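Notes to accompany the following structure.
2 protein chains.
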Amino acid sequence: MVNYREPLDRTFAALVDPTRRAILARLEREDSASISALAAPFAIKLPAVMKHLDVLDDAGLITRSKAGRTVTVRLRPEPIREAMEWMRRYERFWSKSLDRLAAYAERKEAETRKKRR
Amino acid sequence: MVNYREPLDRTFAALVDPTRRAILARLEREDSASISALAAPFAIKLPAVMKHLDVLDDAGLITRSKAGRTVTVRLRPEPIREAMEWMRRYERFWSKSLDRLAAYAERKEAETRKKRR
Numbered sequence: 096m097v098n099y100r101e102p103l104d105r106t107f108a109a110l111v112d113p114t115r116r117a118i119l120a121r122l123e124r125e126d127s128a129s130i131s132a133l134a135a136p137f138a139i140k141l142p143a144v145m146k147h148l149d150v151l152d153d154a155g156l157i158t159r160s161k162a163g164r165t166v167t168v169r170l171r172p173e174p175i176r177e178a179m180e181w182m183r184r185y186e187r188f189w190s191k192s193l194d195r196l197a198a199y200a201e202r203k204e205a206e207t208r209k210k211r212r
Numbered sequence: 096m097v098n099y100r101e102p103l104d105r106t107f108a109a110l111v112d113p114t115r116r117a118i119l120a121r122l123e124r125e126d127s128a129s130i131s132a133l134a135a136p137f138a139i140k141l142p143a144v145m146k147h148l149d150v151l152d153d154a155g156l157i158t159r160s161k162a163g164r165t166v167t168v169r170l171r172p173e174p175i176r177e178a179m180e181w182m183r184r185y186e187r188f189w190s191k192s193l194d195r196l197a198a199y200a201e202r203k204e205a206e207t208r209k210k211r212r
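Quick mapping for you: the protein sequence lines, in order, are chains A and B. Residues 96 to 212, numbered by this note's numbering, are exactly what the first sequence covers, in order. Residues 96 to 212, numbered by this note's numbering, are exactly what the second sequence covers, in order.
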């Protein structure tokens with residue numbers, strides 16, 4: 096067992112696996128789904144899906160509620176929001192290159208206008 | 096060894112560890128740093144730091160260049176950009192609650208104005 100020290104550790108660890116990302120992406124589109132419906136598209140057995148759901152649950156990325164024999168899974172997006180907050184500091188790198196691109200486009204446009212006169 | 100199938104797997108796996116996140120955060124602030132400078136704040140030995148740098152390098156999150164005996168480490172933010180792109184689909188969840196908050200604030204303001212009349 097890996098020992099996670101911070102909530103972000105758990106969030107990013109939950110997002111490492113493409114099956115878990117696919118489950119989250121589906122819950123984004125469908126609001127809620129039963130475990131068997133979530134498991135259906137994957138070529139893995141139900142216990143493996145259950146393990147993935149445990150990881151997502153531990154990271155606070157889903158909630159599970161039981162009614163009779165059906166377990167309904169829902170997205171809990173807050174940890175993703177926190178992960179995005181952490182990542183936002185890097186945004187300046189690509190917005191900077193977008194700024195440069197915009198400046199270049201404006202310069203080109205101005206040059207074209209000059210030539211036309 | 097874990098086998099990562101997709102670039103996003105590697106990016107999120109690199110971000111799981113708080114030491115690696117701290118290294119990336121420092122490279123965001125300082126543009127570039129030598130390995131010994133990067134290792135200085137941590138209570139772990141240099142080989143452990145080197146291992147973390149290998150993981151970051153494999154994920155394409157840093158570049159290393161050597162001049163004489165000094166290795167300079169730089170941030171490569173593109174994979175973080177791609178990870179944020181993946182996360183962006185969840186933004187509507189919190190922007191929705193921000194919309195609700197804005198609507199509530201507007202309603203309160205309108206009520207206050209009415210009372211003043």
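Each residue gets a CB set at the ideal place from its N, CA and C atoms; glycine is no exception. None of the values given here were measured: they were computed from a predicted structure.
- When secondary structure is reduced to three states using DSSP, A/K161 falls in the strand class.
- Within chain A, the residues whose beta carbon sits less than 7 Å from that of B/I175 are M182, Y185, listed in sequence order.
- In the assembly as shown, B/D112 is a buried residue. Its beta-carbon has 16 or more other beta-carbons within 10 Å.
- DSSP places A/A128 in the uninterrupted beta strand (DSSP E) bounded by 127–129.
- Cβ-Cβ distances below 8 Å link B/D126 to R169, L170 in the same chain, with the five nearest sequence neighbours on each side left out; the list follows chain order.
- At a cut-off of 8 Å, the C-beta of A/D104 has a neighbouring C-beta in chain B.
- Around the beta carbon of A/R195, a 10 Å sphere encloses fewer than 16 other beta carbons of the protein chains shown; the residue is thus reported as exposed.
- Judged by pairs of C-beta atoms under 8 Å, the segment 98–111 of chain B touches the segment 153–160 of chain B, as three or more such pairs exist.
- Counting the other Cβ atoms within 10 Å of the Cβ of B/Y199 gives fewer than 16, which makes it exposed.
- Nearest to A/D149 by alpha-carbon distance, out of A/I130, A/E173, A/R176, is A/I130.
- Here the C-alpha atom of A/L103 lies approximately 16 Å from the C-alpha atom of B/D104.
- What B/R169 touches in chain A, judged by beta-carbon distance under 9 Å, is nothing: the nearest beta carbon there is about 11 Å away.
- Spanning the alpha carbons of B/E173 and A/L133 requires a straight line of approximately 31 Å.
- Here B/R171 carries a coil assignment [DSSP, helix/strand/coil].
- Around the beta carbon of A/L141, fewer than 16 other beta carbons lie within 10 angstroms, which makes this residue exposed.
- For a Cβ distance threshold of 7 Å, residue set M182 of chain A lies close to B/A178, ordered along the chain.
- DSSP places B/D153 in the uninterrupted alpha helix (DSSP H) bounded by 141–153.
- Cβ contact annotation for A/M145 (same chain, cutoff 8 Å, sequence separation greater than five): I130, in chain order.
- Excluding residues up to 5 positions away in sequence, T167 lie with their Cβ nearer than 8 Å to the Cβ of B/K161 in the same chain.
- The Cβ atoms of B/R176 and A/W189 sit closer than 8 Å to each other.
- For B/P142, the nearest beta carbon of chain A is not closer than 8 Å to its own beta carbon.
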